[in-house]
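Before any comments, here is the structure.
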Amino acid sequence: VALVGDWNIAPADEDVWDMAAFDGATHVSEPERKAFNAIIDTRFTDVVRPYTPGPGVYTYWDYTQLAFQKRRGMRIDFILGSPGLARRVVHAEIVKDERRPGKKGDPSPSDHAPVLVDLRR
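1 is the number of the first residue of the sequence shown in this note's numbering; add one for each residue after it.
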């Protein structure tokens, strides 16, 4: 089983570019982090983190503040796996190339980067 998506929670201080900038903000509050960890406590695992150690590894950058260029991001997109799925992971990555600005006239990138996991059969 995989629980996948934009969780809007940065479960650890290293999951945001500057904890001081998030003082009292959403995404890092104690209730949010408690809720995230309650899922982890049910034996789900962040299957991406072992392949993308931090700090400074993010999945989201505010596009209105040039945050990508300034490396001011947050890691808020997760793939959490059950024990059976976690054993099958052979690679994971955050594809930041999709987030880089293109040439003039290109479609605007998302404010989130794709998160990919490769599984063995």
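Cβ coordinates follow ideal geometry from the N, Cα and C atoms, glycine included.
| Asked | Found |
| --- | --- |
| Cβ-based burial, Ala113 [other Cβ within 10 Å; buried from 16] | buried |
| Contiguous beta strand (DSSP E) assignments of at least 3 residues, all confined to the stretch 24 to 100 | 77 to 81 and 89 to 94 |
| Cβ contact (3+ pairs, closer than 8 Å) linking the stretch 81 to 99 and the stretch 13 to 29 | no |
| Beta-bridge pairing of Ala12 - partner residues as DSSP gives them | In DSSP, Ala12 forms no bridge with anything. |
| Residues near Arg88 by beta carbon distance below 7 Å, same chain, minus five either side | Leu119 and Arg120 |
| Range of the contiguous beta strand (DSSP E) that encloses Val118 | It should be noted that the sequence gives Asp, not Val, for residue 118. Val115 to Leu119 is the span of the beta strand (DSSP E), which, as asked, contains Asp118. |
| Validate contact between the stretch 17 to 25 and the stretch 38 to 47 using beta carbons, cut 8 Å, 3 pairs | no |
| DSSP beta-bridge partners of Gly5 | Phe78 |
| Closest Cα partner of Val48 within the set Met74, Asp13, Lys34 and Gly81 | Gly81 |
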